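Visitor:
Numbering (the numbering used here), first residue to last: 427 to 912.
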């Protein structure tokens with residue numbers, strides 16, 4: 427299918443060609459003096475000019491067709507807008523739609539509330555049974571809390587490596603020092619962790635807590651004294667890779683460490699005493715880290731974390747429900763606002779269509795005038811060139827101005843413009859008639875939204891809490907219930 431395009435001066439570009447054709451035809455004594463109709467060259471130019479006029483008319487008719495189709499669509503749109511506005515003004519189902527939306531999320535909220543109530547009950551009972559009046563305190567990050575302990579293990583290993591240096595150099599000292607530091611730190615950490623049990627109310631828990639303190643004091647003093655004494659014996663070992671020699675050195679150090687509790691231990695040199703002091707300080711620090719690894723009441727921190735997690739989950743589910751209600755109410759308000767502004771939007775679109783159609787008509791008329799002008803110019807140049815060369819009288823039709831059989835017509839746009847203007851009037855009338863009712867519905871929706879988001883939603887959450895409490899009550903085994911006796 428050939429592409430139809432606008433006229434862009436194609437006829438005027440043939441001016442020189444037709445001037446040359448006129449001269450050649452005159453040389454051949456054509457056209458004859460008695461010729462009654464234009465020759466083939468003028469006919470060809472007339473056909474081309476009429477083709478361009480037809481193309482301009484066809485392009486304009488497309489604009490008219492599109493505008494006519496938009497008249498039908500706009501008329502249908504008026505009917506739809508009127509029906510939609512009437513439905514919105516009479517629709518008061520916002521509350522029921524919110525209830526239906528909340529009914530879908532109710533089971534999830536009930537489960538979240540049950541979990542929160544269960545965690546809260548467990549936490550309150552634990553606090554009451556142990557006379558706890560303070561909030562749980564524990565580190566936010568366990569790895570970060572223990573990271574300091576890992577650094578201390580590295581520090582003690584580095585320091586002890588120099589103290590345990592033997593014939594194998596620092597490498598042999600590092601191997602022994604790492605084992606000693608790890609044992610020293612983790613025993614102290616465990617004792618500190620169990621020492622928290624002395625804060626609980628149960629006597630057996632208190633015994634465990636204080637026993638861990640006694641164990642820590644004994645182990646830290648004895649082990650650090652043993653390691654200090656073992657340092658001297660270890661340096662005398664000929665082959666540290668032989669387990670038997672290391673074992674003998676360790677057995678020799680054991681009696682020296684026991685003398686610490688008799689107050690009669692002697693350090694061989696000041697390095698051994700320094701090793702004992704550093705190990706003891708780091709043991710105390712590891713004990714403190716174990717004590718503060720969680721809340722000072724064992725179990726308090728885990729129950730508090732469980733309660734906070736359950737409360738956060740419940741809050742998140744409530745926020746989701748609240749967000750769904752907000753979205754629903756916002757969608758209803760947006761529908762009313764769209765119904766208020768849609769007629770004006772359609773009026774603007776039709777105004778642009780009218781302007782486009784009028785512009786298309788004006789453009790067609792201007793290009794048609796250009797076609798006629800260029801056609802007359804080229805025909806005139808052809809005849810003048812022919813007459814200037816020919817020695818014979820020219821045909822009588824040379825004196826008549828050139829004319830075309832086809833003419834463009836833009837009157838079809840008038841009826842369509844009238845129809846578009848009529849639809850504009852219907853839209854404006856529709857906007858005026860329904861503005862008051864839609865504004866009243868919008869104000870009512872805003873008032874209902876405030877009520878639903880505040881009072882109704884709060885009441886819904888209260889009902890969820892009551893249902894969760896009733897669910898917990900039903901799952902609790904009891905001998906007699908009030909409802910059973912009625």
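The beta-carbon is built from N, C-alpha and C at its ideal position, and this holds for glycine as well.
Computed from a predicted structure; not experimentally measured.
Assign residue 847 to buried or exposed, taking buried as 16 or more other Cβ atoms, counted over all protein chains shown, within 10 Å of its Cβ.
Guide: To locate residue 847, count along the chain shown from 1; it is residue 421. Answer is exposed; the Cβ neighbour count stays below 16.
Visitor: Is the Cβ-Cβ distance between residue 832 and residue 480 less than 8 Å?
Guide: Here residue 832 refers to the residue found at position 406 of the chain shown. Here residue 480 refers to the residue found at position 54 of the chain shown. For residue 832 and residue 480, yes; Cβs fall inside 8 Å.
Visitor: Considering only residues of the region 839-903, which uninterrupted alpha helix (DSSP H) runs meet the minimum length of 4 residues and lie entirely inside it, listed in chain order?
Guide: Runs found: 883-901.
Visitor: Count the other CB atoms, across all protein chains shown, that sit within 10 Å of the CB of residue 797; report buried if there are 16 or more and exposed otherwise.
Guide: Sequence index remark: in the chain shown, residue 797 carries index 371 (1-based). Buried, since its Cβ has 16 or more Cβ neighbours within 10 Å.
Visitor: Rounded C-beta distance between residue 619 and residue 716? I'm assuming under 8 Å.
Guide: Counting from 1 along the chain shown, the entry for residue 619 is found at position 193. Counting from 1 along the chain shown, the entry for residue 716 is found at position 290. With 8 Å as the limit, residue 619 and residue 716 qualify as a contact, their Cβ atoms being about 4 Å apart.
Visitor: By how many angstroms is the C-alpha of residue 518 removed from the C-alpha of residue 836?
Guide: Working through the chain shown from its first residue, we reach residue 836 at position 410. Working through the chain shown from its first residue, we reach residue 518 at position 92. If you take the alpha carbons of residue 836 and residue 518, they lie about 51 Å apart.
Visitor: Compare the C-alpha of residue 737 against each of 876, 547, 526 and 465 and name the closest.
Guide: In the chain shown, residue 737 corresponds to position 311, counting from 1. Of the listed residues, the one whose Cα sits closest to residue 737 is 547.
Visitor: For residue 742 and residue 543, what's the separation of their Cα atoms in angstroms?
Guide: The residue you call residue 742 lines up with position 316 of the chain shown. The residue you call residue 543 lines up with position 117 of the chain shown. Near 15 Å, if we compare the C-alpha coordinates of residue 543 and residue 742.
Visitor: Once the 5 residues before and after residue 511 are set aside, which same chain residues still bring their CB inside 8 Å of it?
Guide: Against the chain shown, residue 511 aligns to sequence position 85. Here the set comprises 765, 856, 860, 863 and 864.
Visitor: Where does residue 799 land, buried or exposed, given buried means 16+ other C-beta within 10 angstroms?
Guide: Here residue 799 refers to the residue found at position 373 of the chain shown. The residue is exposed, with fewer than 16 neighbouring Cβ atoms inside 10 Å.
Visitor: What is the DSSP secondary structure of residue 425, counted as helix, strand or coil?
Guide: Not covered by the structure: residue 425. The range shown for the chain is 427 to 912.
Visitor: Pull up the distance between the alpha-carbon of residue 844 and that of residue 484, whole angstroms please.
Guide: Residue numbering aside, residue 844 sits at position 418 when the chain shown is read from its first letter. Residue numbering aside, residue 484 sits at position 58 when the chain shown is read from its first letter. Using only the alpha carbons, I get a separation of about 21 Å.
Visitor: Anyone know if the C-beta pair for residue 713 and residue 650 falls short of 8 Å?
Guide: Walking along the chain shown from the start, residue 713 turns up at place 287. Walking along the chain shown from the start, residue 650 turns up at place 224. Their beta carbons are not under 8 Å apart, which means residue 713 does not touch residue 650 by this criterion.
Visitor: Taking the CB atoms as reference points, tell me whether residue 536 and residue 893 lie closer together than 8 Å.
Guide: The residue labelled residue 536 in the question sits at position 110 within the chain shown. The residue labelled residue 893 in the question sits at position 467 within the chain shown. Yes; because the gap between Cβ atoms is below 8 Å, this pair is in contact.
Visitor: Using a Cβ-Cβ cutoff of less than 7 Å, which residues in the same chain neighbour residue 758 once the five nearest sequence positions on both sides are dropped?
Guide: The count along the chain shown starts at 1 and reaches residue 758 at position 332. Excluding positions up to five away in sequence, the list reads 520 and 871.
Visitor: Closer than 8 Å by C-beta to residue 444: which residues in its own chain qualify, once you throw out the five before and the five after it? Chain order, please.
Guide: Here residue 444 refers to the residue found at position 18 of the chain shown. If we look at residue 444 and ignore the five residues flanking it on each side, its Cβ neighbours are 467, 471, 804, 805, 807, 808 and 811.
Visitor: Which class does residue 455 belong to by DSSP, given the choice of helix, strand or coil?
Guide: Taking the chain shown and counting its residues from 1, the one referred to as residue 455 is at position 29. Coil.
Visitor: How should residue 746 be labelled, buried or exposed, when 16 other C-beta atoms within 10 angstroms of its C-beta is the threshold for buried?
Guide: Translated into positions along the chain shown, residue 746 becomes position 320. Counting Cβ neighbours within 10 Å, residue 746 comes out exposed, since fewer than 16 surround it.
Visitor: Drop a sphere of 10 angstroms on the beta-carbon of residue 818, count the other beta-carbons inside from all chains shown, and report buried for 16 or more, exposed for fewer.
Guide: Locating residue 818 in the chain shown gives position 392, where the first residue counts as 1. Counting Cβ neighbours within 10 Å, residue 818 comes out exposed, since fewer than 16 surround it.
Visitor: Using DSSP with H/G/I as helix, E/B as strand and the rest coil, what is residue 492?
Guide: As a working note, residue 492 is residue 66 in the chain shown. Looking at residue 492 - three-state DSSP - the assignment turns out to be helix.
Visitor: Which residues in the same chain have their Cβ closer than 6 Å to the Cβ of residue 816, if we skip the five residues on either side of it in sequence?
Guide: Stepping through the chain shown from its first residue, residue 816 is reached at position 390. Closer than 6 Å at Cβ, skipping near neighbours: 452.
Visitor: Around the Cβ of residue 875, are there at least 16 other Cβ atoms within 10 angstroms (buried) or fewer (exposed)?
Guide: Residue 875 sits at position 449 when you count from the first residue of the chain shown. So residue 875 ends up on the buried side.
Visitor: Quick check on residue 734: does DSSP put it in helix, strand or coil?
Guide: By 1-based counting over the chain shown, the position of residue 734 is 308. Of the three classes helix, strand and coil, the one that applies to residue 734 here is helix, per DSSP.
Visitor: Could you pull the start and end residues of the alpha helix (DSSP H) that residue 551 belongs to?
Guide: In the chain shown, counting from the first residue as 1, residue 551 sits at position 125. Where residue 551 is concerned, the enclosing alpha helix (DSSP H) stretches over 520-555.
Visitor: Tell me whether residue 638 counts as near the ligand GDP, meaning its Cβ is closer than 7 Å to at least one heavy atom of that ligand.
Guide: Of ligands this structure carries none, so the ligand GDP is not represented either.
Visitor: From residue 772 to residue 503, what does the alpha carbon distance come to, in whole angstroms?
Guide: Residue numbering aside, residue 772 sits at position 346 when the chain shown is read from its first letter. Residue numbering aside, residue 503 sits at position 77 when the chain shown is read from its first letter. Each residue's Cα considered, the two are about 9 Å apart.
Visitor: For residue 849, count the other beta carbons within 10 Å of its own beta carbon; 16 or more makes it buried, fewer makes it exposed. Which is it?
Guide: On the chain shown, residue 849 is found 423 positions in, with the first residue counted as 1. Under this definition residue 849 is a buried residue.
Visitor: If you run the structure through DSSP and keep just helix, strand and coil, what is residue 409?
Guide: The structure shown does not extend to residue 409, since the chain spans only 427 to 912, so no value can be given for it.
Visitor: Between the alpha carbons of residue 509 and residue 492, how many angstroms are there, rounded?
Guide: Numbered from its first residue, the chain shown carries residue 509 at position 83. Numbered from its first residue, the chain shown carries residue 492 at position 66. Whole-angstrom Cα-Cα distance: 26 Å.
Visitor: What separation, rounded to the nearest whole angstrom, lies between the Cα atoms of residue 787 and residue 477?
Guide: Translated into positions along the chain shown, residue 787 becomes position 361. Translated into positions along the chain shown, residue 477 becomes position 51. Their backbone Cα atoms lie some 18 Å apart in a straight line.
Visitor: Taking the alpha-carbon positions, what's the residue 558 to residue 897 distance?
Guide: Numbered from its first residue, the chain shown carries residue 558 at position 132. Numbered from its first residue, the chain shown carries residue 897 at position 471. In a straight line, the C-alpha of residue 558 is about 29 Å away from that of residue 897.
Visitor: Please classify residue 433: is it buried, with 16 or more other beta-carbons within 10 angstroms of its beta-carbon, or exposed?
Guide: Your numbering for residue 433 matches position 7 in the chain shown. Its Cβ being crowded by 16 or more others within 10 Å, residue 433 is buried.
Visitor: For a quick check, are the C-beta atoms of residue 755 and residue 868 less than 8 Å apart?
Guide: Your numbering for residue 755 matches position 329 in the chain shown. Your numbering for residue 868 matches position 442 in the chain shown. Result no, Cβ atoms of residue 755 and residue 868 do not sit closer than 8 Å.
Visitor: Can you find the residues in the same chain that come closer than 8 Å, C-beta to C-beta, to residue 740, ignoring five residues on each side of it along the sequence?
Guide: Numbered from its first residue, the chain shown carries residue 740 at position 314. So the list reads 535, 538, 539, 541 and 542, once near-sequence residues are dropped.
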